[in-house]
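Novice:
Number of protein chains: 2
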Amino acid sequence: MKFTDLGSHKRLTELAKNPPDLTRASFLTPERIDKMAVEALSWKMLYATEAVDSEVEKALVRLSREANVLEKMAFLQEMQVMNYVNNCESEERRVGHTAIRALEVSPYASKELTAAVDAAKSEMVKLEAFLPKVDKFKAMVVVGIGGSYLGTKAVLEALKAYQQNGRKLYFASNVDPDKIQSILQEVELATTLIVIVSKSGGTLEIAAQEEVLRRSYAKEKLDVKNHFVMITTQKSPMDTPSAYLETFYLWDYIGGRYSVSSMVGAVPISFMLGLSIWKEFLRGLHEMDLHARYETDPKKNLPLWGALLGVWNHNFLKRGTFAIIPYAQGMYAWTEHLQQLFMESNGKSVSQKDGSFIDWQTAPVLWGTVGTEGQHSYYQAIHQGTQVVPVEFVGFLESQFGLDDEIEGTTNQEKLLANLFAQSLALAKGQKDVNHNRYFSGSRPNHILLANRLDAYTLGNLLAYYEHYVAFQGFLWNINSFDQEGVQLGKRLANDFLELIKELHHDKPSKEPVKDRMLVHAFLQNLKNYTTKKS
Amino acid sequence: MKFTDLGSHKRLTELAKNPPDLTRASFLTPERIDKMAVEALSWKMLYATEAVDSEVEKALVRLSREANVLEKMAFLQEMQVMNYVNNCESEERRVGHTAIRALEVSPYASKELTAAVDAAKSEMVKLEAFLPKVDKFKAMVVVGIGGSYLGTKAVLEALKAYQQNGRKLYFASNVDPDKIQSILQEVELATTLIVIVSKSGGTLEIAAQEEVLRRSYAKEKLDVKNHFVMITTQKSPMDTPSAYLETFYLWDYIGGRYSVSSMVGAVPISFMLGLSIWKEFLRGLHEMDLHARYETDPKKNLPLWGALLGVWNHNFLKRGTFAIIPYAQGMYAWTEHLQQLFMESNGKSVSQKDGSFIDWQTAPVLWGTVGTEGQHSYYQAIHQGTQVVPVEFVGFLESQFGLDDEIEGTTNQEKLLANLFAQSLALAKGQKDVNHNRYFSGSRPNHILLANRLDAYTLGNLLAYYEHYVAFQGFLWNINSFDQEGVQLGKRLANDFLELIKELHHDKPSKEPVKDRMLVHAFLQNLKNYTTKKS
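Going down the list, the protein sequences come from chains A and B. Going by the working numbering, 111 is the number at position 111 of the first sequence; the sequence numbering is gapless. Convert by adding 1000 to the 1-based position in the second sequence; the result is the number in the working numbering.
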């Protein structure tokens, strides 16, 4: 049945006509704050400040049941084919990011799951042997794009406080020539490892970056084979182990945006933070996987409950964006990773069930920054602007460094938490004022995620929370969260532009006839004009 | 007259019912691409890929006239009081960021403008004398929040390629204790300058950070007076010149989000990049100021035309967000600065003219990242998602380093531009496909901003473009873009939480009775529970 035909959808549509008003007298009470909480592993969600009441909650629970989302989560984790769109040619793949962080396989597991767990274990064995061999290296450059680095960066920056070896890591993450040059200015090639990440082994930008680096090594008469590490799938064009110090594998069932759990994350993170932190992180992921799959009460299943609150705000209260705002400096890189996770997974318009175009909203625009920075920036708009923005605040009770002076009677970590709680309450309650310029309408929905400390385990929990939040929303919306056909058209057109640039600027005939040649040419004219003007 | 009562508003509402479809046969032609361009100073805007035709353009021009936006821009630049809301107690201030980058004053200038230009010049004289005195320093820590650092960071990172002195700069930009500790681990205090930025001289977080740093200097027996520089307003509580190596001034007519043009930007940027780059940047700003004020044809006035296209997409085509996507690695920090500029300025709900609540949309949610990163991330959603996102692409014809290998027949900079053009065209044209999963609806509005090279002058132009884009939209929407009352409620509530934390966790009675004490307490219970659980 279509999302919009479900009984729960009709009920929620009805309820959304007159949603709970958080500013109503005696609505937001201490009892409500106590009661509206979900605890799961190292995390606790406080959602009294969401615009829900028991009727809305009941309908959301019903929605999760009618859409069979827990059954689909089990299919996913059992590695059934979940990356497909019926009636459309599509990738038709299994999805295995939960499998590769499973530590053991049940005897009842599917053949595919068992094989995936075993394959992941054997890469782990290679990694354990590899790390001592590269002990002398002081820096690493990871050449990877999008999913090949956003997750790794997010995790590394968040856990940097625990680094002890003083190594440096750089991401050569895009084709911009200024980026790679700025890295080359900083590193000493002789003590640097280069890690090339290319799942398909055929991405143009990666090959171009690798080539620039190979030339730099050649100039210094250093042997690439002692410095370059490859991460790719078996039998890809880049699976040429003899050309590399080591080749690690990933698999077609690991999407780029889910690849931080694979060697894509494992190699740089264990190089920087050590293997035991990496294993703690994996344990955090895996335990949240089990929670997402086996906690059958939607109101106790943290990622499912988060997903349902999100659907309420997005599809029924019609809020087009969602801000995730961590009150932790180390998490500054999460926005970009989560943008990919949420919007590449669920920025879709086609029904998985029958390939028809759907007529309900899917992924909201996901945005945000570290909280204390946002407070002095766009918070004006989320408090008094004309657009209501649902917010997820993320906070920690203790600081990472444990060094925290008491100033004016409270620690800085307490100041951080005071601000987080205050913003949540301010958005919900608002403030009436005869001065309209100081009037806060309130009833702006938000919730808080709290953990004790930002460490490898809580972070593993959190990443898997987001991955399953996204998966559950994809199930609810009946879309395929695991492909990304929407990036193909731009790629194809970029090739057309490049062919014509070759022809116009380098006097080389283009290999293939360029589609829309005249349009492409019209854009490129600007390039030519400027070049001419300059000279 | 109200925005929604203007004749042009009615006309645009009418036109929006059946907006131009960019995918229509023979609509997007080479002629259209040539014709729909605006050139101003170092920038060119290509907007053939916006959903406008000559009727829409005519109505937008009429809108700008009916809302008297050029007259208001002149008032602003003449330093009339533009920060006010009628019938509400409000800041009632002049707005002077354009004044402080004016290089000379016309004899017809207002008294206030003349005074502001003179005051800015005398700070510049101080800066020229100051720089040689601090030549021996190797690093700088800027302690500032929000507007006191976001603009500086955006500019510095974008121009880092031109740095020659190897100095390091750190921003201690929030109260998070992990942030300042991570800086203290990296810098050598003896060769470091500390720059404290506090316009009011009374921000709690800044005082707390300064205190942490003072203690660190005391521990190493270094004299703060040889290391600490203050930037504040005259007669603020922090205007105690004898306690600092130097004190620079700013003024109440410089809002935080516009302060990068003042000593707030000048001190760190000239320390890092040299005075001549700083002056080039100022020249770029000033020339765009003059363009914004004196170019009376809305279709040739770059920031005004950008603002009008934005209003068309936001208020009439009902697109709730706006993505700014630069194809230049150095501009990665612009999203955060622009979020503050756009959303703190225009995230408002009150009519400037009469203090009534308005019933039209103001600031959209502003988001984005560097383009090549976005392409491998959220582009799926902007191409095939259910939410249409207007995009501004920003690109440069040459790289900054000028080091750019030719690989497979084109340079990396050409690859970058090919991608930029391709995305613009792909969003506009779309692609029909019987496979729904490979279908791109197209007609997704966007435009391109092009300049020759990312340097101090083009960047000055660009920043002023955005500042005036925002000012023009504020004028169109009839709101006060220059205050930020929306951040006050959160601040007040944060103090309530801190008072109660002192009482509950540090056994100190709270100074004042805490409003909503029971609610605040209910949130803090979670803090207590966790603390107890842990021990």
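Glycine included, C-beta positions come from ideal geometry on N, C-alpha and C. Being a predicted model, the structure only gives us computed values, none of them experimental.
P1298/B: buried (16+ other C-beta within 10 angstroms of its C-beta) or exposed?
Specialist: It counts as buried.
Novice: Determine, using beta carbons only, whether N1315/B and Q1361/B come nearer to each other than 7 Å.
Specialist: Taking 7 Å as the Cβ cut-off, N1315/B and Q1361/B qualify as a contacting pair.
Novice: Please look up how many angstroms separate the CB atoms of M79/A and S110/A, rounded, as I've assumed it's under 8 Å.
Specialist: The pair is a contact, with the Cβ atoms about 6 Å apart (cut-off 8 Å).
Novice: When the distance is taken between beta carbons, is T335/A closer than 7 Å to E1336/B?
Specialist: No. Outside cutoff.
Novice: Are at least three pairs of beta-carbons, each pair with one atom in the region 1398 to 1407 of chain B and one in the region 349 to 367 of chain A, less than 8 Å apart?
Specialist: Flag = no, the region 1398 to 1407 of chain B and the region 349 to 367 of chain A do not touch.
Novice: Does the Cβ of V141/A have 16 or more other Cβ atoms within 10 Å, making it buried, or fewer, making it exposed?
Specialist: Burial call: buried.
Novice: DSSP has Y249/A in a bridge; who is on the other side?
Specialist: According to DSSP, Y249/A bridges with T232/A.
Novice: When you compare only the Cα positions, how much space is there between K300/A and G306/A?
Specialist: If I take the Cα positions, the gap works out to 10 Å.
Novice: Kindly list, in the order they appear in chain B, the residues whose Cβ is closer than 7 Å to that of M518/A.
Specialist: By Cβ distance, chain B contributes P1030.
Novice: Anything in the region 350 to 369 of chain A with a Cβ closer than 8 Å to a Cβ of chain B? List those residues in chain order, please.
Specialist: The residues in question are V350, G355, S356, F357, I358, W360, Q361, T362, A363, P364, V365, L366, W367, T369.
Novice: Using CA atoms only, rank isn't needed, just tell me which of T1152/B, A1139/B, D1223/B, G1151/B is closest to I1183/B.
Specialist: Selected option, being the one with the closest Cα: A1139/B.
Novice: Just mark R1319/B as buried or exposed, buried being the case when its beta carbon has 16 or more other beta carbons within 10 Å.
Specialist: By the neighbour-count rule (16 or more Cβ atoms within 10 Å), R1319/B is buried.
Novice: Can the beta-carbon of I1145/B be found closer than 7 Å to that of E1205/B?
Specialist: For I1145/B and E1205/B, yes; Cβs fall inside 7 Å.
Novice: Can you name the residues of chain B whose CB is closer than 9 Å to the CB of V212/A?
Specialist: In chain order: D1405, I1407, N1412.
Novice: When the Cα atoms are used, what is the spatial distance from G256/A to P390/A?
Specialist: For G256/A and P390/A, the distance between alpha carbons rounds to 27 Å.
Novice: With V394/A and I324/A assumed to form a contact (beta carbons below 8 Å), what rounded beta-carbon distance in angstroms separates them?
Specialist: Sure, about 7 Å apart at Cβ, within 8 Å.
Novice: How far does the beta strand (DSSP E) with P268/A in it extend, from its first residue to its last?
Specialist: No beta strand (DSSP E) contains P268/A, which is instead part of the alpha helix (DSSP H) from 263 to 273.
Novice: Does chain B have any CB closer than 7 Å to the CB of V85/A?
Specialist: So yes, V85/A belongs to the interface.
Novice: Taking Cβ to Cβ, would you say L308/A is nearer than 7 Å to L60/A?
Specialist: Yes, the pair counts as a contact, with Cβ atoms nearer than the cut-off.
Novice: Taking just the CA atoms, how far does A1218/B sit from A328/A?
Specialist: Going from the Cα of A328/A to the Cα of A1218/B covers about 28 Å.
Novice: Whole alpha helix (DSSP H) runs in the region 1125 to 1190 of chain B with 4 or more residues, listed along the chain?
Specialist: DSSP runs (the alpha helix (DSSP H)) wholly in the region 1125 to 1190 of chain B: 1150 to 1159, 1177 to 1186.
Novice: Within 7 Å (strictly less), CB to CB, does L1489/B reach chain A?
Specialist: Yes, because at least one Cβ of chain A sits closer than 7 Å to the Cβ of L1489/B.
Novice: Just the C-alpha distance for T203/A and L1493/B, rounded to the nearest angstrom, thanks.
Specialist: Cα-Cα distance, rounded: 51 Å.
Novice: When you compare only the Cα positions, how much space is there between F482/A and E512/A?
Specialist: About 32 Å.
Novice: Using alpha carbons as the reference points, say which of L1150/B, V1081/B, K1133/B lies closest to S1259/B.
Specialist: It is L1150/B.
Novice: What residue range does the beta strand (DSSP E) around T1372/B cover?
Specialist: Per DSSP, T1372/B belongs to no beta strand (DSSP E); it is in the alpha helix (DSSP H), 1371 to 1375.
Novice: List, from N- to C-terminal side, the beta strand (DSSP E) runs of 3 residues or more that fit wholly inside the region 353 to 432 of chain A.
Specialist: Within the region 353 to 432 of chain A, the complete beta strand (DSSP E) runs of at least 3 residues are 365 to 367, 391 to 396.
Novice: Grouping DSSP H, G and I as helix and E and B as strand, with all else coil, what is H521/A?
Specialist: Helix, per DSSP.
Novice: What does a CB cutoff of less than 7 Å around K199/A pick up in its chain, not counting 5 residues either side in sequence?
Specialist: The residues are T232, T233, L250, G256.
Novice: In terms of alpha-carbon separation, which member of F248/A, H383/A, A266/A, I180/A lies closest to A456/A?
Specialist: It is A266/A whose Cα lies nearest to the Cα of A456/A.
Novice: Any residues in the region 431 to 453 of chain A with a beta carbon nearer than 7 Å to a beta carbon of chain B? Which ones, in chain order?
Specialist: Against chain B - using a Cβ distance shorter than 7 Å - the residues of the region 431 to 453 of chain A are Q431, N435, H436, N437, R438, F440, L450, N452.
Novice: For P326/A, count neighbouring C-beta atoms within 10 Å of its own C-beta (all shown protein chains included) and say buried if the count is 16 or more, exposed if not.
Specialist: It is buried - the Cβ of P326/A has at least 16 other Cβ atoms within 10 Å.
Novice: Check whether chain A comes within 7 Å of I1145/B, counting only Cβ atoms and requiring the distance to be less than that.
Specialist: Yes, because at least one Cβ of chain A sits closer than 7 Å to the Cβ of I1145/B.
Novice: Is there a Cβ of chain A sitting closer than 7 Å to that of Y1379/B, yes or no?
Specialist: It does: the Cβ of Y1379/B has a partner Cβ on chain A nearer than 7 Å.
Novice: Which of the three DSSP states, helix, strand or coil, is assigned to I479/A?
Specialist: Of the three classes helix, strand and coil, the one that applies to I479/A here is coil, per DSSP.
Novice: Does P51/A come within less than 7 Å of chain B when only Cβ atoms are used?
Specialist: As written in the sequence, residue 51/A is Ala, which differs from the Pro given in the question. No - not a single Cβ of chain B is within 7 Å of the one on A51/A.
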